[in-house]
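In the order they appear, the protein sequences are chains A and B.
Under this note's numbering, the first residue of the first sequence is numbered 710, with each subsequent residue one higher.
Under this note's numbering, the first residue of the second sequence is numbered 264, with each subsequent residue one higher.
Everything below concerns the one structure shown next.
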Amino acid sequence: MESAKAFRVPRRALWRAGAREASPAFLFLFLVFVVPLSSLLLRSVTDPVLGFGNYEHLLSDLTYGRVLLNTFMVATVVTIVTLLLGYPVAWLLVILPTRVSRWMLAIILLSMWTNLVARTYAWLVLFQRTGVINRMLMEIGLIDTPIPLIGNLAGVTIGMTYIMLPFIVFPLQSSLAAIDPAIMQVAAISGARPYQVFFRVLLPLSLNGICAGGLMVFVMALGYYITPALLGGTSTMMLAELIAVQVQSLLNWGLGSAAAFILLAVTLALYALYARGLGLGRIR
Amino acid sequence: MLLSPNRMGGGRFVLYTIGALVMAFLLLPIIFIAALSFGDSRWLQFPPPGWTLQWYRDVLYDPRWIDSILVSAKVGLVVMVLAVLLGLPASFAVVRGRFFGREVLRAFFISPMIVPLVILAIALYGFFLRVGVNGSFLGFVAGHLVIALPFSIICISNALETFDESIERAAVICGASPAQAIWRITLPSIRSGILAGALFSFLASWDEVVIGIFLASPELQTLPVRMWSTLRNDLTPVVAAVSTLLIAMTIVILAVVAIIRRDRAR
Chain A
710 MESAKAFRVP RRALWRAGAR EASPAFLFLF LVFVVPLSSL LLRSVTDPVL
760 GFGNYEHLLS DLTYGRVLLN TFMVATVVTI VTLLLGYPVA WLLVILPTRV
810 SRWMLAIILL SMWTNLVART YAWLVLFQRT GVINRMLMEI GLIDTPIPLI
860 GNLAGVTIGM TYIMLPFIVF PLQSSLAAID PAIMQVAAIS GARPYQVFFR
910 VLLPLSLNGI CAGGLMVFVM ALGYYITPAL LGGTSTMMLA ELIAVQVQSL
960 LNWGLGSAAA FILLAVTLAL YALYARGLGL GRIR
Chain B
264 MLLSPNRMGG GRFVLYTIGA LVMAFLLLPI IFIAALSFGD SRWLQFPPPG
314 WTLQWYRDVL YDPRWIDSIL VSAKVGLVVM VLAVLLGLPA SFAVVRGRFF
364 GREVLRAFFI SPMIVPLVIL AIALYGFFLR VGVNGSFLGF VAGHLVIALP
414 FSIICISNAL ETFDESIERA AVICGASPAQ AIWRITLPSI RSGILAGALF
464 SFLASWDEVV IGIFLASPEL QTLPVRMWST LRNDLTPVVA AVSTLLIAMT
514 IVILAVVAII RRDRAR
């Protein structure tokens, strides 16, 4: 005991990190993140006149209602499709031998980190009237005339599903990897059929991964700008586009920032749900 | 193993098929773009009637594309350095600090990741217009740093959390000054985390487009912004060539990160 004490370093001698070390980053984010966002919020109730006129306008006008509907519809469909496609992939990543899963992981990461505009450009070309997809569908006789894939929600949904897939695979993978395989064996030994093992054991046990990944994708899809703007049309506008158009083309800052804060409020509410349901630690 | 594959009966084939199809779906646009960039059809015919390097020549001989590449690289490098310079002390504070509100501060540091980019973009656009830095190099660096900083802080603080502080204490016992202990023991031990943070910060800036669309001026455009504004008018194969160059770069960076990770695992 005595000798251990002798080797203890005096508190003063060690450099102690404290709040002071965080101040440069804090000041920077305060100035270039908090201040701009707050003044935007302020603008939604002061521009052009003081009051909640912008919010009233947004929520009462049918055109804007349609934009909200489009946004939530696309986000919902994208979330469901990415879950359906991502779950088997996450499962395979867990059960396949490393030499195979390593390559799958590499493909997922490559797609995730490839430039967003480049990926959207690829879909833009593939989706043309005379593009590869239409020609292929016509060749195998599924359709007689080219179907429009651009300027409507079909293209937007496919393009966004593509971009969101990696974000659902990783949370699913970590929740599937955390399940003790013995539980599955016990279920099988006790006479459960494979589909019963899946629906009554595996699926409920991975529910937190499904919720985490699904919520994450849903929130990201709500605020997506690039893909809907390039693949969608004017009649299928989504919320992020509406915000951008109001501010950039129409210089209607009041309405644009009001729409931005509806989006932000929904986003923060969903993240709060996420944090509460799963514990803050998971976000890290 | 979860449900070993040979116990799953017919379900196994369904699983394998979906897995293979999804992998094909993920690879399809990337391979397609790369093939397209070497095709000689101006109208993006596929499969291309012949092969050419013309689109790459167009990129490399067009001063506007070269300019954008340089702007992106410069902004990315400055952002990378600043993200580490700000992120390193901030990571020490959130990992080792003992002060009130530390967890709140940590959440605050990663909060730019949560805000939809388009909102951040118009907020910065409005703010920069007032301060007078819109369309400037400074504006790009500041805007990109907001989204790069969380990456840097997450990578560095994760590395710092796995580093055993008693090693640093041992160095002090052996006579090192606190600063020396940090400089010669702690920082070298977490260098892979710092490097990963730097790379991800660079990549976050390099790939950023939404904020850039609002901040760009005709004279100053990052590469993704130029791709975006080109695409709005014309689906030229030149963009395919630029995209392929970017994909090649992504592969190189991911390979570097993989090698760093492997070294750390050893």
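Glycine included, every Cβ here is placed at the ideal spot set by N, Cα and C.
Treat the numbers as computed from the prediction; the structure is a model and nothing was measured.
Coarse secondary structure for residue i, derived from DSSP in three states
{"i": "W306/B", "result": "coil"}
{"i": "E711/A", "result": "Unreliable placement is indicated for E711/A, whose pLDDT of 45 sits below 50; the coordinate value is still reported in the next sentence. In the structure shown, E711/A sits in a helix (DSSP, three-state: H, G or I)."}
Contacts of residue i in chain A (Cβ-Cβ under 7 Å)
{"i": "P487/B", "result": "N824 and V826"}
{"i": "D470/B", "result": "N824 and L825"}
Within chain B, the residues that residue i reaches when beta carbons sit closer than 9 Å
{"i": "S748/A", "result": "A386, G389, F390 and R393"}
Pair within 8 Å by beta-carbon distance, residue i and residue j
{"i": "I410/B", "j": "A503/B", "result": "no"}
{"i": "V826/A", "j": "L835/A", "result": "no"}
{"i": "F301/B", "j": "W314/B", "result": "yes"}
{"i": "V878/A", "j": "M893/A", "result": "no"}
{"i": "C418/B", "j": "F363/B", "result": "no"}
{"i": "G398/B", "j": "A479/B", "result": "yes"}
{"i": "G942/A", "j": "L874/A", "result": "no"}
{"i": "G460/B", "j": "A346/B", "result": "yes"}
{"i": "A731/A", "j": "L498/B", "result": "no"}
{"i": "L802/A", "j": "S810/A", "result": "yes"}
{"i": "W832/A", "j": "P487/B", "result": "no"}
{"i": "V926/A", "j": "T788/A", "result": "yes"}
{"i": "L494/B", "j": "L939/A", "result": "yes"}
{"i": "G274/B", "j": "P913/A", "result": "no"}
{"i": "V342/B", "j": "V381/B", "result": "no"}
{"i": "G389/B", "j": "P757/A", "result": "no"}
{"i": "A1007/A", "j": "A384/B", "result": "Only positions 710 to 993 of chain A appear in this structure, which leaves residue 1007/A out of reach."}
{"i": "F477/B", "j": "L387/B", "result": "yes"}
{"i": "L289/B", "j": "S820/A", "result": "yes"}
Cβ-based neighbour list, residue i, same chain, cut-off 8 Å, excluding 5 preceding and 5 following
{"i": "Q443/B", "result": "A434"}
{"i": "L349/B", "result": "L408, L412 and S415"}
{"i": "G932/A", "result": "L948, A949, L972 and T976"}
{"i": "F426/B", "result": "T449, S452 and I453"}
{"i": "M286/B", "result": "none"}
{"i": "L299/B", "result": "L307, F309, P311, P500 and A503"}
{"i": "M929/A", "result": "M873 and F876"}
{"i": "D303/B", "result": "P311, P312, G313, W314, T315 and Q317"}
{"i": "T755/A", "result": "G963"}
{"i": "I514/B", "result": "none"}
{"i": "K714/A", "result": "Because the pLDDT at K714/A is just 49, under 50, the model does not fix this residue reliably, and the point stays unresolved."}
Residues near residue i in its chain [Cβ-Cβ closer than 7 Å; skip 5 each side]
{"i": "V501/B", "result": "W318, D321 and V322"}
{"i": "T936/A", "result": "T829, V865, G868, M869 and I872"}
{"i": "I469/B", "result": "It should be noted that the sequence gives Trp, not Ile, for residue 469/B. Hits under 7 Å: S335 and G339."}
Own chain, CB closer than 6 Å to residue i, minus 5 neighbours either side, in chain order
{"i": "V344/B", "result": "none"}
{"i": "M506/B", "result": "One detail in the question is off: residue 506/B reads as Ser in this sequence, not Met. Within the same chain, S506/B has close Cβ partners I296."}
{"i": "Q308/B", "result": "none"}
{"i": "E471/B", "result": "H407"}
{"i": "I952/A", "result": "G965, A968 and A969"}
{"i": "A896/A", "result": "V906 and V910"}
{"i": "E424/B", "result": "V358"}
{"i": "G923/A", "result": "T788 and L792"}
{"i": "S915/A", "result": "S884 and L885"}
{"i": "G860/A", "result": "G942"}
Interface residues of chain A facing residue i [CB-CB closer than 9 Å]
{"i": "F465/B", "result": "The contacting residues do not exist; F465/B stays about 12 Å from chain A at best."}
{"i": "M286/B", "result": "V798, W812, M813, I816 and I817"}
{"i": "A405/B", "result": "F737, L740 and V741"}
{"i": "I377/B", "result": "V928, T976, L977, Y980 and I992"}
{"i": "V341/B", "result": "Neighbours of V341/B on chain A: none; closest Cβ ~13 Å, over 9 Å."}
Interface residues of chain B facing residue i [CB-CB closer than 8 Å]
{"i": "V776/A", "result": "What V776/A touches in chain B: nothing, since even the nearest Cβ is about 13 Å away."}
{"i": "Q882/A", "result": "Within chain B, no residue comes near Q882/A; the closest Cβ sits about 11 Å away, beyond 8 Å."}
{"i": "W734/A", "result": "The residue asked about is misnamed: residue 734/A is Ala in this sequence, not Trp. In chain order: L349, G350, P352, A353, F372, L412 and I416."}
Check: residue i C-beta below 7 Å from any heavy atom of the ligand MG
{"i": "L959/A", "result": "The model on display carries no ligand, and the ligand MG is accordingly not part of it."}
Under 7 Å from the C-beta of residue i: neighbouring residues of chain B
{"i": "Y934/A", "result": "L380, V381 and V473"}
What are the residues of the region 825 to 850 of chain A that lie near chain B, defined by any Cβ-Cβ distance shorter than 7 Å? L825, V826, A827, R828, Y830, A831, W832, L833, V834, L835 and V841
Check distances from the C-beta atoms of the region 791 to 819 of chain A to those of chain B and list, in chain order, the residues that come in under 7 Å. Taken in chain order, the members of the region 791 to 819 of chain A whose beta-carbon sits within less than 7 Å of a beta-carbon on chain B are L794, P797, V798, W800, L801, V803, I804, M813, I816, I817, L818 and L819.
Using Cβ-Cβ distances below 7 Å, what residues of the region 505 to 528 of chain B are close to chain A? With the criterion set as a beta carbon lying under 7 Å from some beta carbon of chain A, the members of the region 505 to 528 of chain B are S506, L509, I510, T513, I514 and L517, in sequence order.
Against chain B, which members of the region 850 to 865 of chain A pass a CB distance test of less than 8 Å? Correct list: empty, as no residue qualifies.
Tell me which residues of the region 445 to 460 of chain B have at least one Cβ-Cβ distance to chain A shorter than 8 Å, keeping chain order. I445
Residues of the region 742 to 767 of chain A in Cβ contact with chain B at a cutoff of 8 Å, in chain order, please. Residues F742, V744, P745, L746, S748, L749 and R752.
Which residues, taken in chain order from the region 902 to 923 of chain A, show a beta carbon closer than 8 Å to some beta carbon of chain B? P903, Y904, V906, F907 and L911
If the cut-off is 9 Å on Cβ atoms, which residues from the region 354 to 366 of chain B count as contacting chain A, listed in chain order? S354, F355, A356, V357, V358, R359, G360, R361, F362, F363, G364, R365 and E366
Looking at chain A, which residues of the region 299 to 313 of chain B have a Cβ within less than 8 Å of any of its Cβ atoms? Correct list: L299, L307 and F309.
Please identify, using Cβ separations under 9 Å, the residues of the region 958 to 975 of chain A that lie next to chain B, in order along the chain. W962, G965, S966, A969, F970, L972 and L973
Contacting positions in the region 933 to 953 of chain A - beta carbon closer than 7 Å to chain B: Y934, I935, L939, A949, I952 and A953
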